[in-house]
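Engineer: Residue numbers (my numbering): 85 to 504.
Think of the CB as a built atom: it goes at the ideal place given N, C-alpha and C, for glycine as much as any other residue.
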Ligand code: IMO
Ligand code: MG
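#1: For the stretch 85 to 94 and the stretch 395 to 402, state whether three or more C-beta atom pairs, one from each stretch, are separated by less than 8 Å.
#2: Contact check, residue 305 vs residue 118 under 8 Å by CB: the rounded distance?
#3: Can you list, in chain order, the stretches of the alpha helix (DSSP H) that have 4 or more residues and sit fully within the stretch 442 to 499?
#4: Can you name the start and end residues of the alpha helix (DSSP H) that residue 203 belongs to?
#5: Which residue from 139, 334, 146 and 86 puts its Cα closest to that of residue 155?
#6: Could you pull out every residue in the same chain whose Cβ sits closer than 6 Å to the Cβ of residue 408, ignoring the five residues on either side in sequence?
#7: I'd like the list of long-range same chain contacts for residue 317, defined as Cβ closer than 7 Å, with 5 residues on each side in sequence excluded.
#8: From 158, 152, 460 and 96, pick the residue whose C-alpha is nearest to that of residue 114; which is it?
#9: Can you list, in chain order, the stretches of the beta strand (DSSP E) that have 3 or more residues and sit fully within the stretch 225 to 289?
#10: Considering only the alpha carbon of each residue, which of 268, 107 and 116 lies closest to residue 501?
#11: Strictly by DSSP, which residues pair up with residue 352?
#12: Let's test the definition: count the other Cβ atoms within 10 Å of the Cβ of residue 122 and tell me whether it reaches 16, buried, or not, exposed.
#13: By alpha-carbon positions, which one of 382, 336 and 307 ends up nearest to residue 294?
#14: Going by the beta-carbon positions, is the gap between residue 233 and residue 158 smaller than 8 Å?
#15: Is the beta carbon of residue 484 closer than 8 Å to that of residue 394?
#16: As an exercise, report each continuous beta strand (DSSP E) stretch of at least 3 residues that is fully enclosed by the stretch 112 to 199, in chain order.
#17: Expressed to the nearest angstrom, what Euclidean distance is found between the alpha-carbon atoms of residue 189 and residue 224?
#18: Keeping to the same chain, check which residues put their C-beta closer than 6 Å to that of residue 265; ignore five residues upstream and five downstream.
#19: Can you tell me which of 377, 171, 383 and 450 puts its alpha carbon nearest to the alpha carbon of residue 396?
#20: Let me check one thing: in DSSP terms, what residues is residue 92 bridge-paired to?
#21: Using a Cβ-Cβ cutoff of less than 6 Å, which residues in the same chain neighbour residue 432 once the five nearest sequence positions on both sides are dropped?
#22: The ligand IMO and residue 122: does the residue's C-beta get closer than 7 Å to at least one heavy atom of that ligand?
#23: Where does residue 85 fall in DSSP's three states?
#24: To the nearest angstrom, how far is the alpha carbon of residue 467 from that of residue 474?
#25: Taking just the CA atoms, how far does residue 192 sit from residue 213?
#26: What is the rounded straight-line gap between the Cα of residue 203 and the Cα of residue 455?
#27: Comparing alpha-carbon positions, which option in 459, 221, 178 and 272 lies nearest residue 139?
#28: Among 288, 479 and 230, which has the Cα closest to the Cα of residue 246?
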């Protein structure tokens with residue numbers, strides 16, 4: 085069987101949580117393969133809402149197993165909080181539904197402090213990180229200093245923790261960052277004990293064994309334009325958010341990839357710093373933020389909003405080999421007179437249809453305009469109910485991107501989904 089992958093194609097917050105939850109019905113196993121609690125995946129069903137950070141979005145499906153893969157960075161404290169919240173609200177036996185890769189790296193409290201220290205030191209040039217310790221943890225992974233989930237079973241784990249923490253304390257002192265690096269030690273160790281209640285697995289063997297008989301859905305976090313290699317570096321996250329990340333982050337080979345579902349919103353948003361060619365600073369941007377409730381699920385920050393950028397989207401489709409597109413929040417554009425999509429750029433004065441290398445280039449969007457549909461899409465459940473203007477708009481996008489739009493979401497709830 086295949087590993088199907090769901091990816092965000094923009095700057096994150098495309099609606100991955102909802103779609104994984106909708107698709108999870110067809111998959112006995114859902115896996116996260118990169119990122120950490122910088123993610124905030126929102127799910128709405130049966131009148132309840134949840135924001136998932138490290139837990140895969142299959143957690144609410146009774147017979148689904150959820151894997152926290154080796155490409156993930158796991159913060160035991162946040163993870164325990166997330167599990168406790170779900171158990172308290174739903175009674176779901178989380179320890180039975182989640183398995184954790186031994187090779188996933190641990191986020192220490194001092195990784196979070198380093199994240200804050202780095203951002204403070206960068207002043208105006210800061211990334212706008214979620215301050216969850218993501219960058220420093222992946223830094224330790226690559227520089228071969230990190231601690232992994234499987235290490236918690238070692239008899240000398242406490243010493244290894246202290247050793248890494250001391251490294252961090254030296255760095256924090258060098259940076260002149262005022263903090264109490266030991267403030268969360270006890271809570272961390274308690275959360276580490278909590279991790280021991282889960283099945284800790286050799287993810288690559290575990291996943292490959294499942295794939296002999298069953299399909300797996302891999303849930304991406306963040307978005308393609310935040311990819312460490314192909315995003316708008318340095319304004320990116322520290323992991324591979326494109327399809328290749330699913331292979332590395334779970335231990336599967338590329339031949340095992342099946343569908344690559346690419347999710348995008350009918351407009352764009354971004355939190356944190358960095359280029360955003362179609363960003364709107366006017367009333368229209370405000371209107372999109374208001375209608376789309378575009379405030380961070382993790383940080384509460386107002387998200388930057390703008391028109392759909394097809395140049396960036398086509399780039400993301402190319403990098404990940406997207407086979408099926410999924411369009412979210414179409415209904416948020418219901419009331420607009422005119423709807424714009426960016427179909428090329430003027431980069432430093434020259435026309436271009438490519439995402440530019442230079443993060444600091446002057447990128448001006450060139451728009452194609454569409455007539456608004458002035459119809460409440462939230463009640464549509466079939467293709468036939470969609471207004472003609474909307475269908476024309478979709479047909480244009482499919483033509484431009486060369487990939488079919490297979491799912492259209494017209495509201496946050498599981499039910500507000502049109503399968504084509
Ligand atoms: P989901 O999975 C949107 C952004 C941050 C910042 C940059 C680096 O919900 O789509 P980091 O904390 O990763 O070092 O921050 O990446 N960022 C996200 N933006 N959605 C996310 O996750 C994000 N995770 C990180 O705002 O600009
Ligand atoms: Mg989010």
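Structural biologist: With the structure as the only source:
#1: yes
#2: On the chain shown, position 221 is the one that residue 305 refers to. On the chain shown, position 34 is the one that residue 118 refers to. That pair is a contact at about 6 Å.
#3: 472 to 485
#4: Position 119 of the chain shown, counted from the start, is the residue given in the question as residue 203. Element bounds for residue 203: 193 to 206.
#5: Position 71 of the chain shown, counting from 1, holds the residue named residue 155. That would be 334, whose Cα lies nearest to the Cα of residue 155.
#6: For the purposes of this step, residue 408 is identified with residue 324 of the chain shown, where counting begins at 1. Around residue 408: 343, 345 and 490.
#7: By 1-based counting over the chain shown, the position of residue 317 is 233. 443.
#8: Against the chain shown, residue 114 aligns to sequence position 30. Looking at the Cα atoms, 152 is the closest of the given residues.
#9: 283 to 285
#10: One-based indexing of the chain shown puts residue 501 at position 417. Of the candidates 268, 107 and 116, the one whose C-alpha sits nearest the C-alpha of residue 501 is 107.
#11: As a working note, residue 352 is residue 268 in the chain shown. Answer is 390, bridged to residue 352.
#12: Reading the chain shown from its first residue, position 38 is the one you call residue 122. The residue is buried, with at least 16 neighbouring Cβ atoms inside 10 Å.
#13: As a position in the chain shown, residue 294 is number 210, starting the count at 1. Out of 382, 336 and 307, 336 has the C-alpha closest to the C-alpha of residue 294.
#14: As a first step, residue 233 must be located in the chain shown, where it is residue number 149. As a first step, residue 158 must be located in the chain shown, where it is residue number 74. Yes, Cβ-Cβ distance for residue 233 and residue 158 is below 8 Å.
#15: Position 310 of the chain shown holds residue 394. Position 400 of the chain shown holds residue 484. Yes, Cβ-Cβ distance for residue 394 and residue 484 is below 8 Å.
#16: 113 to 116, 125 to 129, 132 to 136, 149 to 152 and 182 to 185
#17: Position 105 of the chain shown, counted from the start, is the residue given in the question as residue 189. Position 140 of the chain shown, counted from the start, is the residue given in the question as residue 224. Going by the C-alpha atoms only, they are around 9 Å apart.
#18: The residue you call residue 265 lines up with position 181 of the chain shown. Excluding sequence neighbours, residue 265 sits near 194 and 253.
#19: The residue you call residue 396 lines up with position 312 of the chain shown. Closest option to residue 396, Cα to Cα, is 450.
#20: Within the chain shown, numbered from 1, the residue matching residue 92 stands at position 8. According to DSSP, residue 92 bridges with 347.
#21: Looking up residue 432 in the chain shown gives position 348. So the qualifying residues of the chain are 445 and 446.
#22: Counted from its first residue, the chain shown places residue 122 at position 38. Yes, the beta carbon of residue 122 sits closer than 7 Å to at least one heavy atom of the ligand IMO.
#23: Indexing the chain shown from 1 puts residue 85 at position 1. Here residue 85 sits in coil by DSSP.
#24: Stepping through the chain shown from its first residue, residue 467 is reached at position 383. Stepping through the chain shown from its first residue, residue 474 is reached at position 390. Approximately 10 Å, taken between the alpha carbons.
#25: In the chain shown, counting from the first residue as 1, residue 213 sits at position 129. In the chain shown, counting from the first residue as 1, residue 192 sits at position 108. Using only the alpha carbons, I get a separation of about 16 Å.
#26: Taking the chain shown and counting its residues from 1, one reaches residue 203 at position 119. Taking the chain shown and counting its residues from 1, one reaches residue 455 at position 371. Between residue 203 and residue 455, the C-alpha separation is close to 43 Å.
#27: The residue labelled residue 139 in the question sits at position 55 within the chain shown. If we check each option's Cα against that of residue 139, 178 comes out closest.
#28: Start at 1 with the first residue of the chain shown, and residue 246 comes out as number 162. For residue 246, the nearest C-alpha among the options comes from 230.
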